[in-house]
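Each residue of the sequence shown is one higher than the last, beginning at 751 in the working numbering.
In this text, a Cβ means the ideal position worked out from N, Cα and C, and glycines have one as well.
Note that this is a predicted model, so its numbers are computed, not measured.
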Amino acid sequence: MAQVWRDWGDVLLATLVALPVTVLLTALLARHRRDARSRADAWWRSIAEVGAVAGTLPWVWMILTPRAAPRELKPVPLRDLADLVQVGPPSTVVVQVVGNLLVFAALGFLAPVRAAALAGVGRLFLLGAAASVLVESLQYALDLGRVSSVDDVLLNATGAALAGLLSRPWWARPRPAPAAVPATPAA
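Pasting the structure below:
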């Protein structure tokens with residue numbers, strides 16, 4: 751536990767401090783939107799937007815934290831995971847796999863609630879993959895001493911898709927049509 755705190759304590763602390771700000775931002779955004787749509791729709795959209803960002807940023811911060819190691823590129827699918835399973839202790843394997851599944855889970859869970867165009871497991875997998883390719887490319891380009899792996903992309907994208915399945919009851923329901931704006935007669 752001491753190692754986790756030493757490595758990620760600043761991220762965890764910042765996330766805890768940001769929680770009240772996140773709640774306040776969500777409430778302000780929902781209040782601002784209440785005039786244009788129903789109150790419930792304003793809250794759902796605001797929670798989805800703020801939650802997707804707030805639930806993803808700490809993970810991205812962790813991934814983009816520099817390390818004192820040479821950068822490494824692992825472009826062969828499933829080789830990085832196979833190597834990890836062969837040489838790593840089971841706890842490391844679990845932490846790596848679960849951690850990678852959680853990176854874009856908030857985005858996958860909340861994006862289809864916010865945008866109907868993203869509703870679908872395949873679309874969420876592609877969204878997670880695109881976001882993950884961006885992050886893995888940044889890790890490599892910025893020479894952060896991290897491993898840029900296609901396995902991370904696959905796990906991140908799978909996590910987004912699986913999280914989307916968990917939120918399916920909210921995004922698969924029929925959405926109310928926006929209220930029609932009455933036409934104003936021409937003068």
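query: When the distance is taken between beta carbons, is LEU851 closer than 8 Å to GLY909?; result: yes
query: Per DSSP, what are the beta-bridge partners of LEU823 in this structure?; result: SER898
query: State the DSSP-derived secondary structure class of ALA866, mapped to helix, strand or coil.; result: helix
query: Looking only at its own chain, which residues have a Cβ that is under 7 Å from the Cβ of ILE797, when we skip the five neighbours before and after it?; result: THR776
query: Please report the Cβ distance between LEU877 and ALA861, rounded to the nearest whole angstrom; I am assuming they are in contact, meaning their Cβ atoms lie under 8 Å.; result: 6 Å
query: Let's see if you can read the secondary structure: which residues bound the alpha helix (DSSP H) around GLY878?; result: 871-891
query: Alpha carbons only, please: which of LEU894, ALA907 and VAL871 is nearest the one belonging to ALA880?; result: ALA907
query: Apart from the five residues just before and just after TRP811, which ones in its own chain have a Cβ nearer than 6 Å to its Cβ?; result: VAL761
query: Is the CB-CB distance between LEU831 and ASP901 below 8 Å?; result: yes
query: Where does SER882 land, buried or exposed, given buried means 16+ other C-beta within 10 angstroms?; result: buried
query: Rank LEU807, THR765 and ARG789 by C-alpha distance to the C-alpha of VAL885 and give the top, closest one.; result: LEU807
query: Give the single residue among ALA818, TRP793, ALA869 and PRO816 whose Cα lies nearest to the Cα of LEU774.; result: TRP793
query: When you compare only the Cα positions, how much space is there between THR737 and TYR890?; result: With the chain running from 751 to 937 in the structure shown, residue 737 is simply not present.
query: Drop a sphere of 10 angstroms on the beta-carbon of ALA802, count the other beta-carbons inside from all chains shown, and report buried for 16 or more, exposed for fewer.; result: buried
query: Going along the chain, which residues of its own chain have a beta-carbon closer than 8 Å to the beta-carbon of GLY805, five neighbours each way excluded?; result: ALA855, ALA856, LEU857, PHE859 and LEU860
query: In angstroms, rounded to a whole number, what distance separates the CA positions of SER898 and LYS824?; result: 6 Å
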